[in-house]
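Below is one structure, written out as structure tokens, with a few remarks after it.
Protein chains in written order, with this note's numbering: chain X, 4 to 922; chain G, 109 to 283.
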């Protein structure tokens, strides 16, 4: 049995959550740590290290330790972001084949999706180890403003890491889900998501279980790292002033400075003043070591970073404009991302929106929790017994767990109908804080064979050595992950850790035999209450550091070839005159075999075995709109002027005065197996270009006989979901569990533990803490419905440096738009369409995603050949492009040359390569 | 939980077969006078059934149909929610167009004067000049627009802004 997880793959830290026993919770690693640094390191003796073990090597092995790779994924080698990164990071980035950037470390060349895949793989191994179940499906989050290539690359990374990626979910949307799910709220909320590398603002309307994203905006290169940089820069300047030595020339020293800057930033969220001392930061004349003391007050810090916060507020304004909304109409403000811990950020944002932010939320975990809830929403429907309630080794449903584990990773469950299983009952386990997940009963037996039987109780805590072994397996890419080691060292029940059995740290890799253990470096001598904190940072002995002469990462790069994109033939000047696209008779775009889409994500959703079908719960469970819990809302944006708005306002005002009418039945007209198609609907005359379709009748209503002119006057148009007289007024079925209200929210809104800055390695895990970060899944777990948008406009470059939008910014997804192109030269056999993302009318100000090349055209006078190009964005927000020849109706051979991404073939190679390594 | 309702699936297939012949109002099951609140309500209730996420258990064929239908529903919803676009759509519907096509859509995103400047540098200076003007910093505005004009002498947009800045300056002197 495998489970689906939610993964927040962050710029600085990553977090995994899973829905278990009816609640979403964060997965802890062996050391009880809930977030994992997004760092990959390549030591000499091992394929790679990830997470905490890799972060330890940030200073000692800077050239081979990759951080902030999320900022680079899906970027073109020549993009300004990449140029900036090459200036700033100590590792080496080079131009790979076809212009994709690659990382050079320890003599290897690794593409960015691979680096992300290593991180995802590490998280998967960690989760499997921690939960004792296979992880094969995941919802992975991405910043809302990630462009298409970045999304597709993230999905590819998931595939390489062995996941079936069910969804690339926008981070703020995930946060909204964690915030509002199961609480049947009717609110408009803003999710202000300021993470390590990116900033997003998303405005979501919550209507019960529907989460409609009204607008989203963001900046992909604005995050907590920039705050660190500002502090680090200040430190560099100070050091230069004091010692006339520019640390910029020494990447190792600069890296130390940056890490200290980050820690100071975090400390300044709670302290007024912080002091750091870096020992032997540089060497003066005659090799005399220079120590560096640096003092920073919160006031000074806020001066340094205020412009960054202001930049984020500018983006907020943008989003509000897109949503057609006034700030005052927001009901709630949710803060996400570590950067929002800063008092300055909180104050400025609260002032801007005029709403007190929900500061109780744990900004580091909420995204993963939301992703887990979504993963459960997506899988819960098809396999009712699938939620981990039945398989988790610590689950308390002994009778349900006789499942075989599907041994093939991306495989699906056998298609035999699953045994009937009652839906997860919101029992005592739904009470936040109840010790549900750690039962006292025996564990269900599983089938032997490839599976290893597990028991949970009576297992001694693993010794240090055992842990070390397991960790080693976890971090080595090549080794088969230990889905079920024998016996499994399980997570200690709560209380064990608290009782003093502190979890040992992961053993240091041997190479760090130098006297730098970064984990202990920022030794906070005093508790947080002290005003002054001194870090004592011994410098690594120069000889011990495993570094060649510290070259700044970007120095030894081959000069990027200017003409790296080798596009055959299409004449650069080939103008693609967009013509008016008639849309009425649009035939469905066939699935062209061999047709490539961006990021290898075929637009249609993944196939499901029909046998495992279950009825969506909503079918059997009519949508009940409970009487509004909040004040009556108006759905019209205030700033719209239209006659009908007045009507609405009037109607709403009247509504507010009168007692609330019985909730309108929002349900779909009942559709029964013996559903009879209305007679008028059957014959669809061809050709479809008839000016007026034959009258259609809809279930639940009378056959429509009115003409178009008559429609306006027709009263309620009986149709799909519209309230009809026939639909009975529904009352909540008995099976509906009581709405949990805000009680469950307390769980994620409790005060988070302080970051590891101050107390890494010392923090014992309190049983209370263990339990506190979870969201109860009361209500109907599988009914959350996300209606998301695409962040940026998509278009094509046309003549004169202009570009035409095909899909507008913030279009609801999935979406499809079509455009007609013609040849612009006589006898042209190929057409190249440059796909751009961004809102500017000028091509050069947008991001080029790549080119679609349409080949094999019949030589003809220009303008004769018309090609219909369709842009489709799927529910992951990933673009697919298809094209067909208007003349022949045939699909054209298309090639997509992605900027900064991998094409299908490359992806397949990588998937195979890493699958082979693990088997 | 029971199996998927085959009736619903056949319903989906039927709708997908006539999808191109349905106008936005019919797609959402609304009359042409439907108010925004009704549009939203109809959209939500349809989304509950027709969103691809709600049909992950369907056959491939049905899933493809659901995808196609929901994409159109999204399109319909966004057009009917926007008064300007809805007016444009109503006009185009009278001519028998079931969808609001690209040309009509494009009018919703007007070209700004800035867009007509082809030199990137000139555009940047133009933007800075406009910003400075808005802030009332006429000196700076004048400086920027002069640079912009030097980068692209023929631009009408730049000349226009230049004239505005001059006029503003003159009126300030008077005052």
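Glycine residues also receive a C-beta, built at the ideal position from the N, C-alpha and C atoms. The structure presented is a predicted model; accordingly, all values stated were derived computationally and were not measured.
* So which residues on chain X does residue 159 of chain G lean against when the C-beta distance must stay under 7 angstroms? -> Chain-order list of chain X residues neighbouring residue 159 of chain G: 788, by C-beta distance under 7 angstroms.
* Are the stretch 215-231 of chain X and the stretch 259-275 of chain X touching by the rule of at least three beta carbon pairs closer than 8 angstroms? -> They touch, by the three-pair rule.
* Straight-line CA distance for residue 139 of chain X to residue 126 of chain X? -> Taking the straight line joining both Cα atoms gives about 12 angstroms.
* **Close-in-space but distant-in-sequence residues of the same chain around residue 638 of chain X (CB under 6 angstroms, 5 per side omitted)** => For residue 638 of chain X, the pLDDT reaches just 36, beneath the cut-off of 50, and the residue's location in the model is therefore unreliable, although a value from the coordinates is still provided. The answer is none, since no qualifying residue turns up.
* Asked: Comparing the C-beta of residue 238 of chain G with each C-beta of chain X, is any distance below 8 angstroms?
  -> Contact of residue 238 of chain G with chain X is not assigned, every C-beta pair being separated by 8 angstroms or more.
* To do: Would you tell me roughly how many angstroms separate the C-alpha atoms of residue 351 of chain X and residue 310 of chain X, rounded to the nearest one?
  => Taken atom to atom, the span from the alpha-carbon of residue 351 of chain X to that of residue 310 of chain X is near 11 angstroms.
* **One or two residues paired with residue 107 of chain X in a DSSP bridge** => According to DSSP, residue 107 of chain X bridges with X/95, X/112.
* Positions along the stretch 173-196 of chain G whose CB lies within less than 7 angstroms of some CB in chain X -> Residues of the stretch 173-196 of chain G whose Cβ lies closer than 7 angstroms to any Cβ of chain X, in chain order: 175, 176, 178, 179, 182, 183, 185, 186, 191.
* To do: Would you check if the distance between the CB atom of residue 219 of chain X and the CB atom of residue 813 of chain X is smaller than 8 angstroms?
  => The answer is yes: Cβ separation under 8 angstroms.
* Using the Cα positions of residue 78 of chain X and residue 139 of chain G, report the straight-line distance between them to the nearest angstrom. => Straight-line Cα distance between these residues: approximately 46 angstroms.
* Beta-carbon of residue 132 of chain G versus every beta-carbon of chain X: anything under 8 angstroms? -> No, residue 132 of chain G does not count as interfacial toward chain X.
* Asked: How many Å lie between residue 357 of chain X and residue 203 of chain G at the Cα?
  -> Looking at the two C-alpha atoms, the distance is approximately 47 angstroms.
* Asked: Are the beta-carbon atoms belonging to residue 377 of chain X and residue 177 of chain X less than 8 angstroms from one another?
  -> Yes, they are a contact pair.
* **Opening and closing residue of the alpha helix (DSSP H) in which residue 197 of chain X lies** => Element bounds for residue 197 of chain X: not the alpha helix (DSSP H) but the beta strand (DSSP E), 189-197.
* Asked: Expressed to the nearest angstrom, what Euclidean distance is found between the alpha-carbon atoms of residue 833 of chain X and residue 44 of chain X?
  -> Roughly 45 angstroms between the two C-alpha positions.
* Would you list the one or two residues that DSSP bridges to residue 215 of chain X? => The partner list for residue 215 of chain X (beta bridge, DSSP) reads X/208, X/790.
* **Proximity to residue 890 of chain X [Cα-Cα], best of X/881, X/868, X/882** => Per the Cα distances, X/868.
* Count the other CB atoms, across all protein chains shown, that sit within 10 Å of the CB of residue 150 of chain X; report buried if there are 16 or more and exposed otherwise. => Under this definition residue 150 of chain X is a buried residue.
* Can we say the stretch 109-120 of chain X touches the stretch 155-168 of chain X, given the rule of at least three CB pairs closer than 8 angstroms? -> With the cut-off at 8 angstroms, the stretch 109-120 of chain X and the stretch 155-168 of chain X touch.
* Asked: Is residue 819 of chain X helix, strand or coil when you go by DSSP?
  -> In this structure, residue 819 of chain X counts as strand in the three-state DSSP scheme.
* To do: Please check the pair residue 145 of chain X and residue 174 of chain X, which I expect to be a contact at CB under 8 angstroms, by giving their CB distance rounded to whole angstroms.
  => Yes, residue 145 of chain X and residue 174 of chain X are in contact; Cβ-Cβ is about 7 angstroms, under 8 angstroms.
* Asked: chain X beta carbons: is any one of them nearer than 8 angstroms to that of residue 217 of chain G?
  -> Low local confidence applies: a pLDDT of 49 at residue 217 of chain G is under 50, so the model's placement there is unreliable, and no value is given.
* Mind checking whether residue 792 of chain X and residue 809 of chain X have CB atoms under 8 angstroms apart? -> Cβ distance not < 8 angstroms, so residue 792 of chain X and residue 809 of chain X don't count as in contact.
* Partner residues on chain G for residue 847 of chain X, Cβ-Cβ distance less than 8 angstroms -> Contact note: residue 847 of chain X reaches chain G through 228, using a C-beta cutoff of 8 angstroms and chain order.
* Asked: For residue 82 of chain X, does the three-state DSSP call read helix, strand or coil?
  -> Secondary structure of residue 82 of chain X (DSSP, three-state): coil.
* Using 10 angstroms around the beta-carbon of residue 199 of chain X, count the other beta-carbons present and answer buried if the total reaches 16, otherwise exposed. => Classification for residue 199 of chain X: buried.
* To do: Mind listing the chain G neighbours of residue 817 of chain X? Cutoff is C-beta to C-beta under 8 angstroms, in chain order.
  => Near residue 817 of chain X (Cβ distances below 8 angstroms), the residues of chain G are 160, 175, 178, 179, 182.
* **Cα-Cα separation, residue 345 of chain X to residue 122 of chain G** => Roughly 55 angstroms between the two C-alpha positions.
* Use the C-beta contact count for residue 264 of chain G: other C-beta atoms within 10 angstroms, 16 or more gives buried, fewer gives exposed. => Exposed, by the Cβ-count rule.
* Would the beta-carbon of residue 208 of chain X fall within 8 angstroms of that of residue 187 of chain X? -> Here residue 208 of chain X is not near residue 187 of chain X, since their CB atoms are 8 angstroms or more apart.
* Taking buried to mean at least 16 other C-beta atoms within 10 Å of its own C-beta, is residue 247 of chain X buried or exposed? -> Classification of residue 247 of chain X: exposed, given that the 10 Å Cβ count is below 16.
* Asked: Taking contact to mean at least 3 C-beta pairs separated by less than 8 angstroms, is the stretch 189-209 of chain G in contact with the stretch 232-239 of chain G?
  -> No, the stretch 189-209 of chain G is not in contact with the stretch 232-239 of chain G.
* To do: Kindly list the residues whose CB is nearer than 6 angstroms to the CB of residue 911 of chain X, restricted to its own chain and excluding five residues on each side of it in sequence; keep chain order.
  => Excluding sequence neighbours, residue 911 of chain X sits near nothing in its chain.
* Cβ of residue 173 of chain X within 7 angstroms of any heavy atom in the ligand ATP? -> Ligands in the displayed structure: none, and consequently the ligand ATP is not present.
* Can you find a C-beta in chain X that's less than 8 angstroms from the C-beta of residue 155 of chain G? -> Interface residue, yes.
* For chain X, find out if any of its Cβ atoms is closer than 8 angstroms to the Cβ of residue 234 of chain G; answer yes or no. => Cβ-Cβ to chain X under 8 angstroms: no for residue 234 of chain G.
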